[in-house]
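*Asks:* Before we start, here is the structure in question, set down as structure tokens.
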Amino acid sequence: VTLLLPHGYEGQGPEHSSARVERFLQMSAEYNWIITNITTAANYFHALRRQLAWPFRKPLIEFTPKANLRHRGAFSPVEEFTNGKFQEVIDDEYVDPAKVKKVLFCSGKVYFDLAERQQKDEIKDTAIVRVEQLYPLPVQQLDVLQKKYKKATWFWVQEEPQNMGAASYLQMNLKSINFGTISRQPSASTATGHHRIHQQEQQEIIDTAFSI
58 VTLLLPHGYE GQGPEHSSAR VERFLQMSAE YNWIITNITT AANYFHALRR QLAWPFRKPL
118 IEFTPKANLR HRGAFSPVEE FTNGKFQEVI DDEYVDPAKV KKVLFCSGKV YFDLAERQQK
178 DEIKDTAIVR VEQLYPLPVQ QLDVLQKKYK KATWFWVQEE PQNMGAASYL QMNLKSINFG
238 TISRQPSAST ATGHHRIHQQ EQQEIIDTAF SI
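Residues in the sequence shown are numbered consecutively from 58, following this note's numbering.
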């Protein structure tokens with residue numbers, strides 16, 4: 058079973074951002090399923106291949122922001138389909154690890170907003186790490202990156218309000234890394250329905266990520 062859940066923060070209101078990532082993560086235990094939030098076409102392809110290649114069967118829950126359907130950053134060259142495998146974590150190739158002072162780790166669509174600012178402003182001291190698989194959490198891969206960026210301060214960045222998304226799940230399950238959280242303010246609703254307010258909130262997340 059592969060379940061594609063539309064979920065993204067694009068200024069379209071609560072019904073457009075209602076996949077409730079946090080609820081699926083709350084129900085995640087005993088390796089009952091796989092939860093992903095994938096950013097590239099090739100990695101999505103390899104996730105589906107992995108589902109078939111495994112000698113066992115587990116449901117795959119994939120959060121799918123509509124904005125990623127046509128985002129050029131989500132495109133993949135042919136060789137990435139014909140080679141390699143599913144990447145649970147994707148490291149930042151834009152920066153020199155020795156110069157990194159801050160690591161922003163995130164999942165899904167917000168990566169593209171962060172990467173756009175990073176490259177536009179030529180920010181070389183901040184690495185952006187993508188967590189493509191949220192459950193089971195790839196703790197070992199993240200620990201390797203922590204050692205790689207051993208002088209850096211870590212922040213989890215999400216589009217969801219602080220009381221939603223993966224923030225609480227990571228605080229409970231990622232004990233080996235001391236990190237802060239950058240998100241929307243806690244909210245009773247999943248998202249605003251006012252496009253201008255959405256843009257202000259989104260801009261604040263990106264600004265905070267690179268200025269904190």
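We put the beta carbon where it would ideally sit given N, CA and C, even for glycine.
With DSSP as the reference, label residue 209 as helix, strand or coil.
*Replies:* Coil, per DSSP.
*Asks:* Could you check if residue 58 belongs to the surroundings of the ligand FMN, using beta carbon to heavy atom distance under 6 Å?
*Replies:* This structure simply doesn't include the ligand FMN, nor any ligand for that matter.
*Asks:* With a cut-off of 8 Å, do at least 3 Cβ pairs link the region 138–149 to the region 182–199?
*Replies:* Touching, yes.
*Asks:* Which residue comes first and which comes last in the beta strand (DSSP E) that contains residue 240?
*Replies:* Residue 240 -> beta strand (DSSP E) spans 236–241.
*Asks:* Are the region 245–262 and the region 70–81 in contact at 8 Å, needing three or more beta carbon pairs?
*Replies:* They touch, by the three-pair rule.
*Asks:* Going by beta carbon distance, what residues of the same chain come within less than 6 Å of residue 121, once the five residues before and after it are set aside?
*Replies:* Once the five neighbours on either side are set aside, the close Cβ partners of residue 121 are 61, 63.
*Asks:* Along the chain, where does the beta strand (DSSP E) that runs through residue 192 open and close?
*Replies:* Taken as a continuous stretch (DSSP letters only), the beta strand (DSSP E) holding residue 192 covers 190–192.
*Asks:* Check whether the region 105–125 and the region 251–258 are in contact - that is, three or more C-beta pairs closer than 8 Å.
*Replies:* Output reads no: the region 251–258 does not touch the region 105–125.
*Asks:* Considering residue 249, what are the terminal residues of the beta strand (DSSP E) in which it resides?
*Replies:* Neither: residue 249 is in no beta strand (DSSP E) and is coded neither H nor E.
*Asks:* Once the 5 residues before and after residue 258 are set aside, which same chain residues still bring their CB inside 6 Å of it?
*Replies:* So the qualifying residues of the chain are 241.
*Asks:* For a test of the three-state rule: what should DSSP assign to residue 215, helix, strand or coil?
*Replies:* Strand, per DSSP.
*Asks:* Roughly how many whole angstroms lie between the Cα atoms of residue 262 and residue 112?
*Replies:* For residue 262 and residue 112, the distance between alpha carbons rounds to 41 Å.
*Asks:* When the Cα atoms are used, what is the spatial distance from residue 81 to residue 174?
*Replies:* Cα to Cα, the separation comes out at about 30 Å.
*Asks:* Take the Cβ of residue 264 as the centre, count every other Cβ of all protein chains shown within 10 Å, and call the residue buried at 16 or more, exposed below.
*Replies:* Answer is exposed; the Cβ neighbour count stays below 16.
*Asks:* What are the boundary residues of the alpha helix (DSSP H) that includes residue 311?
*Replies:* With the chain covering only 58 through 269, there is no way to say anything about residue 311.
*Asks:* With three or more C-beta pairs closer than 8 Å as the rule, is the region 84–91 touching the region 155–166?
*Replies:* Cβ pair count under 8 Å is below three, so no.
*Asks:* Ignoring anything shorter than 3 residues, give me the beta strand (DSSP E) runs that lie fully in the region 78–138, in order along the chain.
*Replies:* Segments of the beta strand (DSSP E) lying fully in the region 78–138: 91–93, 117–121.
*Asks:* For residue 62, which beta-bridge partners are listed by DSSP?
*Replies:* DSSP output for residue 62 lists 120 as bridge partner(s).
*Asks:* Among 232, 180, 93, 202, which has the Cα closest to the Cα of residue 192?
*Replies:* Checking every option, the nearest Cα to that of residue 192 belongs to 93.
*Asks:* Determine, using beta carbons only, whether residue 104 and residue 166 come nearer to each other than 7 Å.
*Replies:* Not closer than 7 Å, so no.
*Asks:* Please name the residue, chosen from 151, 210, 177, that lies closest to residue 269 on a Cα-to-Cα basis.
*Replies:* Residue 210 is the option with its Cα nearest to residue 269.
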